Amino acid sequence: GGSAHPNPKDFYNDVSNWDILSAALRTHSQKAPQTRWICAALSAFGDRSTVAHLDTCDLLIACYQQHAREDNVLQRVVHAMGALAKCNKENNTKLTRLKACEVVEQLLADYTEGNVIIFGILPAISGLAKDSPDNQIRFHESPSLCRNVAKVLYNELESKLISQYGCSAVTSLVTACQKNQLKLSNVCTYVADIINAHKNDIEVLTEAFRMTSALSHDNITNRNKLGANDACYHVPVTLQNHFSNLIFNPLFDLKHSMLYWAVRAIGDLAANNPNNQSKLGAHGACECLLRILHREVNDGDAELEKHLFAVTFWAIGNMVNLAKGPEMMVDERHQSSKSLAGVGNFIPLPTKKHVKNSAKFMNGNVAEATVQATMRFIDEGSIVLWACRAITNLCKSYKLKVNFQQKGVNELLEVVFSRHANNTELLEWATMAKDTIQSQSSKAPLI
5 GGSAHPNPKD FYNDVSNWDI LSAALRTHSQ KAPQTRWICA ALSAFGDRST VAHLDTCDLL
65 IACYQQHARE DNVLQRVVHA MGALAKCNKE NNTKLTRLKA CEVVEQLLAD YTEGNVIIFG
125 ILPAISGLAK DSPDNQIRFH ESPSLCRNVA KVLYNELESK LISQYGCSAV TSLVTACQKN
185 QLKLSNVCTY VADIINAHKN DIEVLTEAFR MTSALSHDNI TNRNKLGAND ACYHVPVTLQ
245 NHFSNLIFNP LFDLKHSMLY WAVRAIGDLA ANNPNNQSKL GAHGACECLL RILHREVNDG
305 DAELEKHLFA VTFWAIGNMV NLAKGPEMMV DERHQSSKSL AGVGNFIPLP TKKHVKNSAK
365 FMNGNVAEAT VQATMRFIDE GSIVLWACRA ITNLCKSYKL KVNFQQKGVN ELLEVVFSRH
425 ANNTELLEWA TMAKDTIQSQ SSKAPLI
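Numbering (the working numbering), first residue to last: 5 to 451.
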């Protein structure tokens, strides 16, 4: 009947509470039930704090050794290792030095389907690899770990927790690590299956979209694989199906915002890839991005809204076909040609008209929405920079250029130059936007 803690963040970051849990684990580490539940509590704390508690790292390794033959205990122990590794770099370094990476590698190598220990192994990999280039390479050099993660995720993709934890593990392994992006490239062939299998589960979808973004970011090979295996259908269609529930609710934080990560996935899939741009456009991605631009900012989550608008402008800039390449014609069904330009022979299926994303943006009043949203966030450099880039790309279309001029883009850019006179990178994009708008092309290349 007690009241909730007035500030949960302070509660989970209170070192005295960590000391209590650590002391309890030291006292009861010989007892399996107590060890399980204390480790579960430590995982909850690790997921919600940034505390370094190195003594607890030592205790978790000791518990692993003490309960080496009790899989239901080990599940909780290694899950707690991952939570501590993820919440603080010092914890990660300490656990790595204590051979935690080798522990989870061996546990995964010995795993047989149906064993509950997998619900600890995958979060442990996610935590140890997150923001740790050294551990990413350590896992890359393992002869089996990446292959086994991909195998478990594929074989048991209908499991909610394995899909959720497995996607998180892949994301941590591949983020800013091209070697692991390539080593886990085959995951791209069944991302769409994961999304489809869990199309009503926000938690799994959030992790699946994060993984899609991480696999495809700055990686054309993975972008092509994802596009060839229906990711460009399932990401925007699934987002549309949840849009009404997402767009009017507060965003919790970036880690748990399905809306944010879906937009990131769209932007990464579209980047420098005309085929994916067309597929995404054919299945509602442009309309999703436009709905966000027309979104009213909610009181209480202004910082999260800033991140959302910045990434939305970035994704819009990526959705316009700038690169010259084979036209991708989209079939009446969602399946597009499985063979992309540069990957085998391009064989178009029976087609409708070519998908023109610039026309979709034009019809969705992107010019007015962009000018208004940019003015709303005029002092936020990151948002204004990506807005100027989006304007530059969109105004390659003559009709959109005219529309932007009618909606006040020239006046907007004057304000940008005045407010951000010391931001060199932003000014470069603003200058490109101005030059594109003032260029005298006589024909619309994109509409």
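Glycine included, each C-beta is placed from N, C-alpha and C at the ideal position. In this text the structure is predicted, and so the values were computed from the model without any measurement.
Where residue i falls, given that 16 or more other Cβ within 10 Å makes a residue buried
i	result
D439	exposed
G124	buried
S47	buried
A154	buried
C159	Reading the sequence as shown, one finds Asn at residue 159 and not Cys. So N159 counts as exposed.
P254	Its pLDDT being 48, under 50, P254 is placed unreliably in this model, and the coordinates cannot settle the point.
Q442	exposed
A425	exposed
K137	Per the sequence shown, residue 137 should be read as Pro rather than Lys. Exposed, by the Cβ-count rule.
I24	exposed
S261	buried
T116	exposed
T39	buried
Three-state secondary structure assigned by DSSP to residue i
i	result
G118	coil
S248	helix
A147	It is worth fixing the name first, because residue 147 is Pro in this sequence and not Ala. Here P147 sits in coil by DSSP.
E331	Because E331 carries a pLDDT of 40, less than 50, the predicted location of this residue cannot be relied on, and no value is offered for it.
I199	helix
Y264	helix
V24	In the sequence as displayed, the identity of residue 24 is Ile instead of Val. DSSP places I24 in helix when its eight states are reduced to three.
F381	coil
P104	The displayed chain sequence assigns Ala, not Pro, to residue 104. Here A104 sits in helix by DSSP.
C292	helix
Q376	helix
S401	coil
Inter-residue Cα distance where the pair is residue i and residue j
i	j	result
L416	E309	21 angstroms
G118	D383	53 angstroms
W41	L29	9 angstroms
N233	N397	27 angstroms
T54	N92	5 angstroms
W390	A212	25 angstroms
D222	L64	37 angstroms
E162	Q244	22 angstroms
T97	I129	14 angstroms
A104	A84	11 angstroms
G412	D205	42 angstroms
V195	K364	27 angstroms
Beta carbon of residue i nearer than 8 angstroms to that of residue j
i	j	result
A113	V77	no
S167	N226	no
L293	V267	yes
N427	G368	no
G185	L219	Checking the sequence, you will find Gln at residue 185 rather than Gly. Yes, they are a contact pair.
G321	N277	no
Y68	V107	yes
Q79	S33	no
L126	N95	no
I387	A289	no
Cβ-heavy atom distance, residue i to the ligand HEM, below 7 angstroms
i	result
T428	The ligand HEM is not part of the structure shown, which contains no ligands of any sort.
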